[in-house]
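The structure appears right after this line, and notes come after that.
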Amino acid sequence: MTGAFVRATALASALGPDLDSAVERLAGAPAAPLLNTKTGGAWPYFPIPAAEGDWRRRTEAIARSVAEDLRRKAALAPAQWANLPCIVGSSSFSVGAWDDGGWAAIEPSFEFSRRLAQAFGVHGPVTAVSTTCTSGLAALDIALGLIAEREFLDVLVLGVEFCNRLTVAGFAGLQLLSAKAARPCDRDRDGLVLGEALGAMLVSATPAPWRIAALAAGMDAASITGPSPDGAATAKTMRAAMGRAQWESTAVDLIKLQSGGGPLTDLAEARAVREVFASAPKSVSLKGALGHTLGASGPAELALLLASLARGHVPATWGFATQDDDLGLAPSGSDGAGVRRVLFNLSGFGGSLMSLALEKAG
Amino acid sequence: MYLLAPTVVRVAPEDFPARIRARFAAELRRAGRFAQLGLLGAQACLDAAGGNGPLGVLWATGMGSLHATRAALDEDLKRGEPAMPFAFVATQPHLAGALLAQRSYPVTRTACLYLAPGAWTSLPQLAQHWFDECERVLVGWVEESDAAGAAHRSDWCLLHKTLVPGAVRCERVRRPQNAAAATGEDWIPRIAAWHGSADALVLRGGEDAWSFTPDG
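Shown next as structure tokens:
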């Protein structure tokens, strides 16, 4: 059990330039992803609705906007804010700058992360971490260590993934993308749709509505690019998180699935859920609405989920229409008033697995 | 916490492919140059340390896979082929841990950090946090050569939760006095050079420091 809480969150994503607009948008009718000519092909994509232009200036503007929202919600004294440490998780960091400016425009990942921290107006120590699509939760894990050691009482955690054509080309080359839409858990799912996001969290030792009960990491080395079909490693990681949180499986009210519409990854996760839970709790996937935002997906999806729950509902899973009997999962929107314990799954290339246990405090 | 098998690997860029083939029999599929460099040093450290038990793999770098990324993409672009999957290149550091796991090591988690040179002290600090899940954490600092005549660097050590034969005690020093300044690139080589000495070694990075003491 950790002594850390989610004090504030903010988000820029395809659903909107800020978290409030994203939650409102998610409560409305599903929107299709855009065809993304910027990434050099016809693949659908979920971009942040921000003014186009020079990659660096665009990303800094997005960062400043998210920072302003987070700072307002965090309500820290100016000196406290300025001294925050910043942990940045990403899989691509500044590689999108290559699209505009070639090699000279790409910064080392640490320098990019430091510049991002400056855009947030924080000047504490900066750490950047990459563990593929779980990077945002790996950043959270580092923050939890700092809070546990009482190095800091508050830590800024960022999950960042900005549009770039190399990542899209890579996923396309692996035949992991859908040509139409992300359909998490759906019978007709045929691949991922990528997206960009900047998710921000202020993690704190000060009590707040949601406590981070536990965060467990795992490794599934069956394949570099996908999970073992049996879902055993995912199940083990989920059990580890629940064990550390001192939860029985019956205590879980909601699972935030990794599921993004990949035929095999969704199947592996569903098998893990069925192995861990005699009766599967409510579930939700946010990748039909945000796209798969890779290293940003932890903080981005967490911000969106907690903001939806704060408004009293479990959001709908965009793209899910028809249950796949092989999966046996039917993620759907519902009343969120009774949701007190959430298990939050992420997985990524290289067999990286993370499961986060969140519970309502008090 | 205890430290074992500080291992310093230097490879001239022109010798790198041969070193990889000599150690792993072939170039590693879907692992770019940076992941292979990390794996070369990590494997050498594990060979020296022996042992078993749940293993974390935690490494840091300043430049990361930037040079390898550029080399790989330049090569593809010259051939007029689509860029290789960038996700693999961008996530090279993480893949090295997975590749170790595929070699039958019980890897439970892995991460690559991008740090300021003086922030190496956060590696042993984070390793301690990982002992909730691992008995051992393989800790490294890896940099590709970025200048003519400079060698690739892949330096590693194994941190143990409990005392094992041959290990030195490794403790955080909150208010360091008489600590020698060390950087990300030289803290493991300095431990390797000191290893076997009867005196304690105290290395500082930023405002933090760690002491290394022969046990017993």
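Protein sequence lines, in the order shown, are assigned to chains A and B. The first sequence begins at 849 in the numbering used here and counts up by one. The second sequence begins at 11 in the numbering used here and counts up by one. Cβ atoms here follow ideal geometry from the backbone N, Cα and C, with glycine treated the same way.
Residue i bridges to which residues according to DSSP?
i         : result
Leu14/B   : Leu168/B
Ala909/A  : Bridge partners of Ala909/A: none, in fact.
Gln1171/A : Asp1034/A
Trp151/B  : Ala70/B, Asp165/B
Lys1208/A : Trp1058/A
Leu123/B  : Val977/A, Ala70/B
Met1049/A : Thr857/A, Val1005/A
Tyr115/B  : Paired residue(s): none; Tyr115/B is not in a bridge.
Ser1200/A : Met1067/A, Gly1196/A
Arg214/B  : Ala191/B, Ala219/B
Arg43/B   : According to DSSP, which records beta bridges pairwise, Arg43/B is partnered with nothing at all.
Quick one: list the residues of chain A neighbouring residue i, beta-carbon separation under 8 Å, in chain order.
i        : result
Glu143/B : Ala1064, Ala1065, Ala1088
Thr118/B : Ala1065, Gly1066, Met1067
Ala129/B : Pro973, Thr975
Gly107/B : Met1067, Gly1198
Can you pull the chain B neighbours of residue i, defined as C-beta to C-beta under 8 Å?
i         : result
Pro956/A  : Gly72, Met73, Gly74, Leu76, Tyr124
Trp903/A  : The contacting residues do not exist; Trp903/A stays about 15 Å from chain B at best.
Ala976/A  : Leu123, Tyr124, Leu125
Pro1077/A : Within chain B, no residue comes near Pro1077/A; the closest Cβ sits about 16 Å away, beyond 8 Å.
Ala1214/A : Chain A is shown from 849 up to 1210; residue 1214/A falls before or after that span and cannot be answered.
Report the three-state DSSP secondary structure of residue i (helix, strand or coil).
i         : result
Arg163/B  : strand
Cys55/B   : helix
Ser961/A  : helix
Lys921/A  : helix
Ile1072/A : coil
His1161/A : strand
Arg855/A  : strand
Arg80/B   : helix
Gly1007/A : strand
Pro933/A  : coil
Pro1214/A : For residue 1214/A there is no data in the structure shown, the boundaries of chain A being 849 and 1210.
Leu1105/A : coil
Trp903/A  : helix
Arg1188/A : coil
Phe96/B   : Only weak support is given to the placement of Phe96/B: the predicted model assigns it a pLDDT of 47, under 50, and the value that follows is read from those uncertain coordinates. Helix at Phe96/B.
Thr1113/A : helix
Pro64/B   : coil
Pro224/B  : strand
Met849/A  : coil
Arg1122/A : helix
Gly864/A  : strand
Ser1026/A : coil
Phe34/B   : helix
Ala185/B  : Note on identity: in this sequence residue 185/B is Arg, with Ala being the wrong assignment. In this structure, Arg185/B counts as coil in the three-state DSSP scheme.
Phe1000/A : coil
Leu1040/A : strand
His971/A  : coil
Could you work out which residues of chain A lie near residue i, taking near to mean beta carbons separated by less than 7 Å?
i        : result
Leu136/B : Ile990, Gly993
Gly150/B : Those within 7 Å of Gly150/B in chain A number zero; the least Cβ separation is about 15 Å.
Gln112/B : Ala1069
Ser155/B : The contacting residues do not exist; Ser155/B stays about 15 Å from chain A at best.
Ser132/B : Thr975
Give me the chain B residues within the contact set of residue i, using Cβ-Cβ distance strictly less than 7 Å, ordered along the chain.
i         : result
Ala986/A  : Ala121
Trp951/A  : Arg80
Gly1146/A : Ordered by position in chain B, no residue passes the 7 Å Cβ test against Gly1146/A, which lies about 13 Å from the chain.
Report the neighbours of residue i on chain E: residues whose CB is nearer than 7 Å to its CB, in chain order.
i       : result
Gln46/B : Absent from the structure: chain E. Protein chains present are A and B.
So residue i contacts chain B; which residues on that side make the cut at Cβ distance below 9 Å?
i        : result
Ser961/A : Tyr124
Using 8 Å for Cβ pairs, my map puts residue i next to residue j. What's the rounded Cβ distance?
i         : j         : result
Leu859/A  : Arg873/A  : Not confirmed; about 11 Å, so no contact.
Leu1014/A : His1140/A : At roughly 16 Å, the Cβ-Cβ gap does not stay under 8 Å, so Leu1014/A and His1140/A are not in contact.
Pro1147/A : Gly950/A  : The pair is not a contact, with the Cβ atoms about 30 Å apart (cut-off 8 Å).
Leu148/B  : Pro116/B  : About 12 Å separates the two Cβ atoms, so there is no contact after all.
Pro23/B   : His162/B  : 6 Å
Asp1174/A : Leu1112/A : Not a contact, Cβ separation roughly 11 Å.
Ala1045/A : Ser861/A  : 4 Å
Ala1048/A : Thr857/A  : 7 Å
Quiz prompt | the segment 1167-1179 of chain A contacting the segment 1130-1149 of chain A, beta-carbon criterion three pairs below 8 Å | solution = yes
Self-check item: the segment 895-914 of chain A / the segment 922-939 of chain A touching (three or more Cβ pairs under 8 Å)
Solution: no
Exercise. Say whether the segment 127-135 of chain B touches the segment 1083-1102 of chain A, bearing in mind that this needs 3 or more beta-carbon pairs closer than 8 Å, one atom from each stretch.
Key: no
Quiz item: Does the segment 47-57 of chain B touch the segment 199-209 of chain B, meaning 3 or more C-beta pairs lie closer than 8 Å?
Solution: no
Quiz item: Pairing CB atoms from the segment 1069-1080 of chain A with CB atoms from the segment 998-1016 of chain A, are three or more of them under 8 Å?
Solution: no
Quiz item: On the three-pair Cβ rule with 8 Å, is the segment 134-151 of chain B touching the segment 1098-1114 of chain A?
Solution: no
Self-check item: the segment 891-904 of chain A / the segment 1026-1039 of chain A touching (three or more Cβ pairs under 8 Å)
Solution: yes
Exercise. Could you tell me whether the segment 1177-1189 of chain A touches the segment 1089-1104 of chain A, where touching means 3 or more Cβ pairs closer than 8 Å?
Key: yes
Quiz prompt | the segment 106-124 of chain B touching the segment 968-984 of chain A, judged by at least three CB pairs closer than 8 Å | solution = yes
Practice problem: For the segment 28-39 of chain B and the segment 74-84 of chain B, state whether three or more C-beta atom pairs, one from each stretch, are separated by less than 8 Å. | Solution: no
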